[in-house]
Structure formats: C-alpha cells, structure tokens
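Using my numbering, the first residue of the sequence shown is number 499, and each one after it goes up by one.
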Amino acid sequence: MDKPAGLVVHPGSGNPDGTLLNALLHHAPELASVPRAGIVHRLDKDTSGLLVVAKTIEAQTHLVRQLEAHSMHRQYAAVVVGVPSMQGMVEAPIGRHPVTRTKMAVVARGKAARTHYRVLRSGSSWSELECTLETGRTHQIRVHMHSIGHPLVGDPVYGAASALRRLPEAARRFPRQALHAARLQLIHPAVGTELRFESPLPPDIAQLLEQLLQDAPAG
C-alpha cells in the first residue's frame, strides 16, 4: 500500500486508534487472525510511501523472511541538508539513544545497519538522495544521514538547528522529514514471481524540490 504522511502505522502511546492497523481491521476484519493485521514492516508517521501488508500468516512469514534475508529491496527518496559525496554507504550500528530513550542513535552496541545513498540533484545547501536500505532499523535513514552531518530536511528529531539555518526558506519551513518510500521489490509469497512497485514523489516533496531548484539551481 501507499501510505500518506501523517498516518501512524501501529497503535501506541498517544495513538490508540486512527492508525493504519485500525483501518485494516475495519476494512478487512479477517486480518484479525494475522499478527499486526498483516503489516510486514512499518514507516514512521511522517514518512510517506510504500509498505507491505500480507493477507495470511503464511504470506506474512514469507515476506518477513525476505526482509531478514535482505532479498526485499527498498529505496527511498530523501532531501537532506548539505551536499554529501556523490554516492556512498553508511555502515554504523543503531540502538536506543543512551540519554533520550525515544530517539535512536549510532551506538557501539547497536544492531548492524547499512544504508547506501547516491545524490540525484543538489544545490548549494541541500541534496536530493536515493537511499537504499540493506537493513531495516528504526529511523535508519534519519539516524545515518544525521550521523554523517546531512540530516533530513524537516526532521523534527534528528535535524540540527545550526544546519537548517543554511537552507532556503522553503526547506526551513517544510513540516515533516523529507523522506518517501519510493520503490519496493519483493518475491510474491505464493507464486514466486518478482514484483516491483513504485510510488511517485508526494506533492509536498515534489513542490519542495521545485522551490529549491528555483532558489538554488543545481550547479
């Protein structure tokens, strides 16, 4: 499915209802027999784009195994502060922040995490990236890009105020992390064929990039 920004995936503290899981159970009550109503992986509330929902326990198990084996491929579109090297990989373990437990961080005893990225377009103070997950840790792209000095535009948790001051006004005012799950590739759990899905940039990120290109055209 293609999740809009602002929709919470799982109920939790402060979000007991109005979530994707609640909606799935309302429209397909039979999903009550499948763990997490069939949801295979999650996206942050303010991240838009593609995620996978299975209709049966067998399909969910198969898809989760693909995630664990890194055979499910996920690519994200992101807009970050600054201009990193044209392509690279961030390999750094992620775990709970040692002080602020609601945040994640690069920590020595965290779980292994790898994010590949390449620059698609850039200005003097921003870049549009294609990020490919090799692992799927909580807040992985947000934490990894922050760790190398290029936090996501609009990120309320991992964005650095000093870095944001360098951005054009359109980026400083962007109300969410500029992150979109754009492409998804997996093996159909029943018939074994390869499936590929793509979600275009949502209007808010597309408009952000249009404004950034007008303010600071790529060099």
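Just so you know, even glycine gets a beta-carbon here, dropped at the ideal spot from N, CA and C. Just so we're clear, the structure is a prediction, and the values are computed from it rather than from any experiment.
- If you look at Arg670, you'll find it isn't in any beta strand (DSSP E); it sits in the alpha helix (DSSP H) that goes 667-670.
- Across the set Val617, Gly593, Ser620, the C-alpha of Gly593 shows the shortest separation from the C-alpha of Ala610.
- Sequence-distant partners of Leu618 (beyond 5 residues in either direction) whose C-beta falls short of 7 Å from its own C-beta, in its chain, are Glu626, Leu627, Glu628.
- With 16 or more neighbouring CB atoms inside 10 Å of its own CB, Thr613 falls in the buried class.
- Straight through space, the alpha carbons of Arg663 and Gln558 are spaced by roughly 44 Å.
- DSSP, reduced to helix, strand and coil, places Val562 within a helical segment of the structure shown.
- Judged by DSSP in its simplified three-state form, Asp702 adopts helix.
- Inter-residue distance for Ala576 and Leu711 is about 15 Å (C-alpha atoms, whole angstroms).
- Straight-line spacing of the CA atoms in Ile537 and Lys553 works out to 9 Å.
- Inclusion of Pro591 and Val604 in the CB contact set at 8 Å is warranted, their separation being smaller than that value.
- Per the DSSP secondary-structure output, Ile685 pairs in a beta bridge with Glu692.
- If you draw a 10 Å sphere on the C-beta of Pro654, you find fewer than 16 other C-beta atoms in it, and that means exposed.
- In this structure, Gln675 lies away from Thr517, with their beta-carbon atoms at least 8 Å apart.
- Checking the DSSP bridge columns, you'll see Asn513 partnered with Gly510.
- When the Cα atoms are used, Arg572 and Val588 turn out to be separated by approximately 16 Å.
- Within the region 600-679, the beta strand (DSSP E) runs of at least 3 residues that lie entirely inside it are, in chain order, 602-604, 612-620, 624-631.
- Counting every other CB atom within 10 Å of its CB across the protein chains shown gives Met584 a total below 16, marking it as exposed.
- Out of Arg563, His508, Ala530, Glu528, the CA that lies nearest to the CA of His686 is found in Arg563.
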